[in-house]
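Chains A, B and C supply the protein sequences, listed in that same order. Every number in our numbering is 30 more than the matching position in the first sequence, counting from 1. Every number in our numbering is 30 more than the matching position in the second sequence, counting from 1. Every number in our numbering is 60 more than the matching position in the third sequence, counting from 1. Even for Gly, the Cβ is constructed at its ideal location relative to N, Cα and C. Note that the structure is a prediction, hence the values are computed from the model and not measured. Contents: one structure, followed by commentary.
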Amino acid sequence: MNIKQHIESIIFFKGQPVTYKELAKLLENSEEKIKKTVEELSFDYKDKGIHIVYNEHECELVTAPSGSDLISNMNKQEVETELSNASLETLSIILYMGPIARSMIDFIRGVNSQFTLRTLLIRGLIEKDPTSKMPLYIITLDIIKYLGLNKLDELPNFKEIRQEIAQFIKNNSKDAVQ
Amino acid sequence: MNIKQHIESIIFFKGQPVTYKELAKLLENSEEKIKKTVEELSFDYKDKGIHIVYNEHECELVTAPSGSDLISNMNKQEVETELSNASLETLSIILYMGPIARSMIDFIRGVNSQFTLRTLLIRGLIEKDPTSKMPLYIITLDIIKYLGLNKLDELPNFKEIRQEIAQFIKNNSKDAVQ
Amino acid sequence: MSTDFAVSTKVFEGPLSLLLDLIERRKLLINEISLSQVTNDFLDFVSILEQKDLHKITDFLSIASTLILIKSKSLLPQLDLSNEEDTEIEDLELRLKLLQIFKLASKGINELFAKETTYSRLQVKKQVIYFTPTDQIDVLKMKWFTDQVLHNFPKSDKKPEKRVTKTISLEEMMNKVINRVHQHMSISFNTLTKEHKEKKNVIISFLAILELVKLGNVEASQGNTFDDILVESKDPHLPSYGTH
């Protein structure tokens, strides 16, 4: 078995997000190599009934989005159907700017986001960045799954919006980002 | 989605053998057509890390046999490694508050506990309360013995801690629903 | 206009959302000019909020003070702002521009969300369960972890949206601005604003006077710095000027 087949096998078996770190350890390979292989795999699966979703840290095997009607009828797990405006706003800040500190989220929204963040954490839509010592928030794979994507940058204008934001912050204020 | 992709999607999702009869009903197609498509699918997967096994009546998605050493290795590793702080925290909450629903554990901890619960279940540290219709988690007898306890109320500050947590839930239950 | 605000009071999550909405309603771009134009509307809203929703007011006051600063600056170009005040204004523009991007982005997210969801496997193959504890588990550790959870409970249970910006009372804010302006033109409006009990009205009067001075409709004269100031109409025949 080659590394690609091994990854397929493991993430199928696990049935939940698996980190590149874990895969790298199991397969005695570098995280970069794992990540690159996952990207290839995701591409291989793009026309299949199963997809691979992934982000910077982890990946998971899931059902393809276009069959969601049929699958949702069989599903007994809890799913989100709607998000409040506060949740949506906070989520999109983390989505486009994450990893991001709570102080920056509060700065942009002009209100205290403690409770909104807590709600999103409880629902498993965001998590604390495991690679950072400071408490920084990132989105979980669940968001990508709810959006029916393989990865975040498939969102319309994802890169452009990220760039626009970075540019704004760079131009505008020396000390806004702390 | 074509019928092949639908079958892939469904048997992946189910995670157990699915009969042609069931698939035929779900996909509004004949059992023969389903069986023929499963055979094709099985061929498509022959070089992958996931295989499709099938007989006259049913089919199932499984890990490829040549990777089985790695998988059993992984299983062993999973139960032999140290528990994460998240797992220990979840265990302690179930110890003090069990029988308790997952949503309550999430609410008390302020994060999603889905994956940590799975780890604790696999290691035999917690189980689902067999006397309850709702999915409630309790500590296993093994762990009570392991801790050297006869009864849970021998735990330090058992009553006080239960009360404090109950109070927190009561005070915040409005937010919990949002 | 007041009723319009009253209806929408609940909708706004915070001062920045409100401010953005005021600017967007007028189809303006985010800059000092538009901010200065919506200042009075913003203060109107704050005064309604003051009566209804006291614990939210602090969030709005800090933004109000920045707005008054901007407005004063637009009326009195010679007003010399400190670095801190300049940063405050720049930051406000940046925050609004970012919020505008995110509000738009979150609409896009909402359209996609939970429409074509993908799913994990429903059931992972049942594993044989072996009891595998670790020596990390003992009674004291379990107690310690539970205590950690109790310790991390969010404290402000009754006030979900606690203030994040620095606290400043309406009065302090007003005095701050007045003192800044005082250095540049000798105007005081003690007598003029005496009948106003609401602080917001004092501020509005103040801004109105500034605007009239700028337009040349009134003249302000003063004996010495910090003396009371006389505000006189320059042309007795001129009808009273509406300042919106």
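Any alpha helix (DSSP H) of 4 or more consecutive residues that is wholly inside the region 141-201 of chain B: Listed in chain order, they are 144-152 and 171-176.
Residue ranges of each alpha helix (DSSP H) run of no fewer than 4 residues wholly in the region 127-177 of chain C, ordered along the chain? As far as the region 127-177 of chain C is concerned, its whole alpha helix (DSSP H) runs of at least 4 residues are 143-172.
Distance between D77 (chain A) and G79 (chain B) (C-alpha atoms, nearest Å): G79 (chain B) and D77 (chain A) have their C-alpha atoms spaced approximately 17 angstroms apart.
Report the rounded CA-to-CA distance for N32 (chain B) versus D74 (chain A), giving the unit in angstroms. When only Cα atoms are considered, N32 (chain B) and D74 (chain A) end up about 17 angstroms apart.
So does the region 127-143 of chain C actually touch the region 55-69 of chain A, counting three or more Cβ pairs closer than 8 angstroms? Cβ pair count under 8 angstroms is below three, so no.
Can you look up A94 (chain A) in the DSSP assignment and give me helix, strand or coil? A94 (chain A): coil per DSSP, three-state reduction.
Quick check on R223 (chain C): does DSSP put it in helix, strand or coil? Summary for R223 (chain C): the model assigns pLDDT 43, below 50, so the residue's position carries little reliability, and this model does not support an answer.
Starting from Y50 (chain B) and walking both ways along the alpha helix (DSSP H), at which residues does that stretch end? Boundaries of the alpha helix (DSSP H) harbouring Y50 (chain B): Y50 to L56, taken from the DSSP string.
Could you name the residues of chain B that F213 (chain C) contacts, counting a contact when the two beta carbons are closer than 9 angstroms? Those within 9 angstroms of F213 (chain C) in chain B are I138, G140, E194, I195, F198 and N202.
CA nearest to the CA of K44 (chain B), picked from A:V141, A:I40 and A:L100: Closest option to K44 (chain B), Cα to Cα, is A:L100.
What residue range does the alpha helix (DSSP H) around Y126 (chain B) cover? Where Y126 (chain B) is concerned, the enclosing alpha helix (DSSP H) stretches over N115 to M127.
Rounded to whole angstroms, what is the Cα-Cα separation between G302 (chain C) and T178 (chain C)? Low per-residue confidence applies at G302 (chain C): pLDDT is 42, beneath 50, and the placement is therefore not dependable enough to give any value.
Taking only the alpha-carbon atoms, compute the straight-line gap between V83 (chain B) and V188 (chain C) and give it to the nearest angstrom. Taking the straight line from one Cα to the other gives about 22 angstroms.
In chain order, what residues of the same chain lie with their CB nearer than 8 angstroms to the CB of V92 (chain A), ignoring the 5 residues before and after it? Contacts found: I80, H81, I82, V83 and K175.
Check whether the Cβ atoms of I40 (chain A) and L56 (chain A) sit closer than 8 angstroms, and answer yes or no. Yes, the Cβ-Cβ distance between I40 (chain A) and L56 (chain A) is below 8 angstroms.
Return the residues of the region 135-166 of chain C that lie within a Cβ-Cβ distance of less than 8 angstroms from chain A, sorted by chain order. Residues passing the 8 angstroms Cβ filter: T147, E150, D151, E153, L154, R155, K157, L158, L159, I161, F162, K163, A165 and S166.
Taking only three categories from DSSP, how would you classify I82 (chain B)? I82 (chain B): strand per DSSP, three-state reduction.
Please report the straight-line C-alpha distance between V48 (chain A) and L171 (chain A), rounded to a whole angstrom. Distance from the CA atom of V48 (chain A) to the CA atom of L171 (chain A), rounded to whole angstroms, is 10 angstroms.
Could you run through the region 175-188 of chain A and flag, in chain order, every residue whose CB is less than 7 angstroms away from some CB of chain C? Against chain C - using a Cβ distance shorter than 7 angstroms - the residues of the region 175-188 of chain A are K175, Y176, L177, G178 and P186.
Closer than 8 angstroms to chain C by CB, R148 (chain A): It does; some Cβ of chain C falls within 8 angstroms.
8 angstroms is my cut-off, CB to CB: does T161 (chain A) come that close to chain C? So no, T161 (chain A) is outside the interface.
Can you pull the DSSP bridge partners for A131 (chain B)? According to DSSP, which records beta bridges pairwise, A131 (chain B) is partnered with B:L166.
Please classify N212 (chain C) as buried or exposed, where buried requires at least 16 other C-beta atoms within 10 Å of its C-beta. N212 (chain C) should be labelled exposed.
Whose CA, out of B:S114, B:L155, B:S143 and B:Q144, lies closest to the CA of L125 (chain B)? That would be B:L155, whose Cα lies nearest to the Cα of L125 (chain B).
Kindly list, in the order they appear in chain F, the residues whose Cβ is closer than 9 angstroms to that of L100 (chain B). Looking for chain F here will not work: the only protein chains present are A, B and C.
In chain A, which residues lie with their C-beta within 7 angstroms of the C-beta of I168 (chain B)? Within chain A, no C-beta atom comes nearer than 7 angstroms to that of I168 (chain B); the closest sits roughly 21 angstroms away.
Kindly indicate which three-state DSSP category E38 (chain A) falls into: helix, strand or coil? Looking at E38 (chain A) - three-state DSSP - the assignment turns out to be helix.
Nearest candidate by alpha-carbon position, reference N180 (chain A), set A:S143, A:E38, A:A94 and A:I37: Residue nearest to N180 (chain A) within the set A:S143, A:E38, A:A94 and A:I37 is A:A94 (criterion: CA-CA distance).
Extent of the continuous alpha helix (DSSP H) run through M202 (chain C): Taken as a continuous stretch (DSSP letters only), the alpha helix (DSSP H) holding M202 (chain C) covers V199 to H211.
Output needed for S143 (chain B): all residues of its chain with C-beta closer than 7 angstroms, excluding positions within five of it in sequence on either side, in chain order. Excluding sequence neighbours, S143 (chain B) sits near T120, R132, I135 and D136.
State the Cα-Cα distance for the pair Q35 (chain B) and F145 (chain A), rounded to the nearest angstrom. Roughly 41 angstroms separates the two Cα atoms.
Relative to the alpha-carbon of D151 (chain C), which residue among C:L135, C:K175 and C:T126 has its alpha-carbon at the smallest distance? For D151 (chain C), the nearest C-alpha among the options comes from C:T126.
Relative to the C-alpha of C89 (chain A), which residue among C:S180, C:S107 and C:L210 is closest? Taking the Cα of C89 (chain A) as reference, the smallest distance to any Cα among C:S180, C:S107 and C:L210 is reached at C:S180.
Per DSSP, the bridge partner or partners of E88 (chain B): DSSP, once it has assigned bridges, lists B:T49 as partnering E88 (chain B).
Specify, as a first and last residue, the run of the alpha helix (DSSP H) that K63 (chain A) falls within. Annotation for K63 (chain A): the continuous alpha helix (DSSP H) segment containing it runs E61 to D74.
Between which two residues does the alpha helix (DSSP H) carrying E84 (chain C) extend? First-last of the alpha helix (DSSP H) with E84 (chain C): P75 to R85.
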